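Residue numbers (the working numbering): 622 to 805. In this text, a Cβ means the ideal position worked out from N, Cα and C, and glycines have one as well. Given the structure is predicted, the values throughout are model-derived calculations rather than measurements.
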Amino acid sequence: MDLSVVLLHDHMVDKHNKPITASLTMIDVHDLARSCATYGVTNLFISHPAPTLRKLARALKEHWEEGFGATYNPNRREALEHVQIVSDLDEAIQRIDERAGKLPKLVATSARDGGKRITFSDFRPQLIQGDDPYLLMLGTGWGMSDGLLARADYFLEPIKGPTPYNHLSVRSACAIMLDRILGR
Numbered sequence: 622m623d624l625s626v627v628l629l630h631d632h633m634v635d636k637h638n639k640p641i642t643a644s645l646t647m648i649d650v651h652d653l654a655r656s657c658a659t660y661g662v663t664n665l666f667i668s669h670p671a672p673t674l675r676k677l678a679r680a681l682k683e684h685w686e687e688g689f690g691a692t693y694n695p696n697r698r699e700a701l702e703h704v705q706i707v708s709d710l711d712e713a714i715q716r717i718d719e720r721a722g723k724l725p726k727l728v729a730t731s732a733r734d735g736g737k738r739i740t741f742s743d744f745r746p747q748l749i750q751g752d753d754p755y756l757l758m759l760g761t762g763w764g765m766s767d768g769l770l771a772r773a774d775y776f777l778e779p780i781k782g783p784t785p786y787n788h789l790s791v792r793s794a795c796a797i798m799l800d801r802i803l804g805r
């Protein structure tokens, strides 16, 4: 199994479906890294077009991998080992191609209805039994733009709770998706 996750901030939409670049949230980096480590994800890519925010993400990563942070909480260091900071989706794809020797299959997610979707249970065997690398694309803000969604080879079903309210944090949604795809 070769599954990576990318947290995207550019080419998102706001609540009015207007294009935006969302802000980087440090807790997303921590929590996504922990979920990805728990489920054996190959890499977690944190993607942001702003050099200053990429530098901030690298500083957070370095704090937990070296010096005081590494000795204070070795579990956090272990979780952050597989985090890579990139400028965009294409850089994450390029790094997977360099590592795996082939382009990853892109897997999109969205809380919004629409589009032809694949269920988690149908996607799981493809991932586990195949030899292709996969890249699970996670959006921020109010979700990914139609242009990003159109790049995907697969489009996962939305996560639905028992109420009409449907606005999970990306951290929570990622943990649920990884459990549905890879959980025992």
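is_contact[residue i, chain C] using C-beta, thresh 8 Å
i: residue 661; result: Absent from the structure is chain C; it holds one protein chain and no more.
Contacts around residue i, its chain only, beta-carbon distance under 7 Å, and the 5 residues preceding and following it disregarded
i: residue 709; result: 631, 668, 670
i: residue 790; result: none
i: residue 705; result: 664, 666, 716
i: residue 701; result: 654, 682, 685, 686
i: residue 647; result: 681
i: residue 773; result: 727, 728, 729, 758
Environment of residue i [buried if 16+ CB atoms lie within 10 Å]
i: residue 643; result: buried
i: residue 656; result: buried
i: residue 762; result: buried
i: residue 678; result: buried
i: residue 730; result: buried
i: residue 785; result: exposed
i: residue 771; result: exposed
Residue i versus residue j: straight-line alpha-carbon distance, rounded
i: residue 796; j: residue 783; result: 18 Å
i: residue 769; j: residue 727; result: 10 Å
i: residue 580; j: residue 649; result: The first residue shown for the chain is 622 and the last is 805, placing residue 580 beyond what the model contains.
i: residue 739; j: residue 629; result: 21 Å
i: residue 651; j: residue 737; result: 32 Å
i: residue 633; j: residue 765; result: 4 Å
i: residue 775; j: residue 676; result: 31 Å
Beta-carbon contacts of residue i that lie in its chain and below 8 Å, excluding the five residues immediately before and after
i: residue 741; result: 777, 778, 798, 801, 802
i: residue 794; result: 730, 732, 759, 780
Residue from the options whose Cα sits closest to the Cα of residue i
i: residue 627; options: 682, 695, 703; result: 703
i: residue 760; options: 681, 735, 635; result: 635
i: residue 744; options: 735, 637, 755; result: 755
i: residue 654; options: 751, 686, 672, 719; result: 686
i: residue 809; options: 732, 663, 647, 734; result: A question about residue 809 goes unanswered here, because the residues of the chain that appear run from 622 up to 805.
i: residue 638; options: 767, 775, 680; result: 767
i: residue 660; options: 775, 787, 640, 624; result: 624
Own chain residues within Cβ distance below 6 Å of residue i, not counting five before or after
i: residue 707; result: 666, 668, 713
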